[in-house]
Amino acid sequence: MSSTLRDRVSLVVAAAIAGSQLAHGQPYSFIVTGACDDKEHLDGKTFVKMGNTLGGSPWYKATGAEQYVYYDRDCEASGDGTARWLFDKDRPNTTRATDLDGDGKCDYYARFDSVGKSEPPESGTWTMHCNDKWVEKFLVFMETTSTTATSTTVTAGTAGVTTTLAATTAPKAAVAPKMLALSGACDYKNNLNGLTFELQGLTADGEPYYKSSDMKYYIYHDADCDGSGSAPRWVLDGDRPSALAASDLDGDHKCNYHARLDDAKSPVGPATWRMYCGSQLGWQDVKLTLSEVNKTATSAKTADSMMVLSSAVGHSSVAVAIAAAIFVAAM
3 MSSTLRDRVS LVVAAAIAGS QLAHGQPYSF IVTGACDDKE HLDGKTFVKM GNTLGGSPWY
63 KATGAEQYVY YDRDCEASGD GTARWLFDKD RPNTTRATDL DGDGKCDYYA RFDSVGKSEP
123 PESGTWTMHC NDKWVEKFLV FMETTSTTAT STTVTAGTAG VTTTLAATTA PKAAVAPKML
183 ALSGACDYKN NLNGLTFELQ GLTADGEPYY KSSDMKYYIY HDADCDGSGS APRWVLDGDR
243 PSALAASDLD GDHKCNYHAR LDDAKSPVGP ATWRMYCGSQ LGWQDVKLTL SEVNKTATSA
303 KTADSMMVLS SAVGHSSVAV AIAAAIFVAA M
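Here it is as structure tokens:
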């Protein structure tokens, strides 16, 4: 079984096991924002609950990446270690009581010291390793919303098992598109045409923000771009927005950007943006289109797998989880 297939099966089984705990306050999945530039690969990542560790704490895996969040009461098994939540590249061993990654040392991306082991903090100051030094970063964990999944019949022909998964409450993917493609920029900004922008997370006002594939541009919403009462707008900027600031998200105390879209609920779709098109033309009204990037066949198959996963969430039968896993493995 390939590692990708194994992860898909693990997600299904984990969802069936973890689903019954949704009602007890443990988030099924969350999006992280607020990481330093050195760890910006964590920003916008969705972490999905995979199960509980031996100590009863939930542990989470990033979708599509070997990154984990879990609770370790003694990360080097010294006997007097500090209990903490961790971001780690190593998968925790759910049969160990301490040093869950088994490396004999406290080696991780970030830590949050805490005696509370039932769930990671919704927000708080983490100690994060950034550019070869430890710094304090305020991280926000934004729990995804939920919806009701329909009942699904799963037939695992190879195992001779047929079962029906009951309708239940299951996590819904964040409503913001994960990736956008830009077109329609004026000649002066022609380098923007064809760029894709990937979702990085949410800003303080709950709006999504995106980073371009060439790492040079950002799209985000700013309620007041100079901090002095300017009208809210979506901006296309060369500076990374703060995920914590309520206004002037790039911190330059002025409205300085490549383009803006005033008074819009979302930047997605065709719209008339005000764009700077060089010294001769100045600011021009330009019909920009930010279109959601089509999912690949693999992504579509993963989405189908997640529908089975969603239907399995909350069901108490291990047999159901196994049947769902077999079904997904065969997809």
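Counted the way the numbering used here counts, the sequence shown spans residues 3 to 333.
We put the CB at the ideal spot given by N, CA and C, even for glycine.
Keep in mind it's a predicted model, so treat the numbers as computed, not measured.
Report yes if the C-beta distance between residue i and residue j is below 7 angstroms; otherwise report no.
i           : j           : result
residue 214 : residue 238 : no
residue 68  : residue 107 : no
residue 242 : residue 220 : yes
residue 249 : residue 280 : no
residue 36  : residue 142 : yes
residue 292 : residue 270 : yes
residue 204 : residue 224 : no
residue 132 : residue 227 : no
residue 80  : residue 50  : no
residue 52  : residue 63  : yes
residue 235 : residue 207 : no
Can you tell me which of the three DSSP states residue i falls into?
i           : result
residue 69  : coil
residue 258 : coil
residue 46  : coil
residue 110 : coil
residue 333 : Residue confidence is low: residue 333 scores 48 on pLDDT, short of 50, so the model does not pin down where it sits. Its coordinate-derived value is still stated next. Reduced to three states, the DSSP call for residue 333 is coil.
residue 207 : coil
residue 251 : coil
residue 271 : strand
residue 191 : helix
residue 283 : helix
residue 90  : strand
residue 289 : strand
residue 104 : coil
residue 39  : helix
residue 183 : strand
residue 295 : coil
residue 117 : coil
residue 276 : strand
Given a threshold of 16 other Cβ atoms within 10 Å of its Cβ, counted over all protein chains shown, does residue i qualify as buried or as exposed?
i           : result
residue 46  : buried
residue 1   : Any property of residue 1 remains undetermined from this structure, which presents the chain solely from 3 to 333.
residue 274 : exposed
residue 91  : exposed
residue 87  : buried
residue 256 : exposed
residue 124 : exposed
residue 121 : buried
residue 306 : With a pLDDT of 45 at residue 306, under the threshold of 50, the modelled position of that residue is not reliable, and the figure given next carries that caveat. When all chains shown are included, residue 306 counts as exposed.
residue 114 : buried
residue 82  : exposed
residue 43  : exposed
residue 343 : Residue 343 is absent from the structure shown; the chain starts at 3 and stops at 333.
From the DSSP secondary-structure annotation, give me the bridge partner or partners of residue i.
i           : result
residue 54  : 60
residue 263 : 236
residue 213 : 200, 220
What beta strand (DSSP E) runs, 3 residues minimum, are completely inside the stretch 120-148?
The beta strand (DSSP E) runs of length 3 or more contained entirely in the stretch 120-148 are, from start to end of the chain, 125-132, 135-145.
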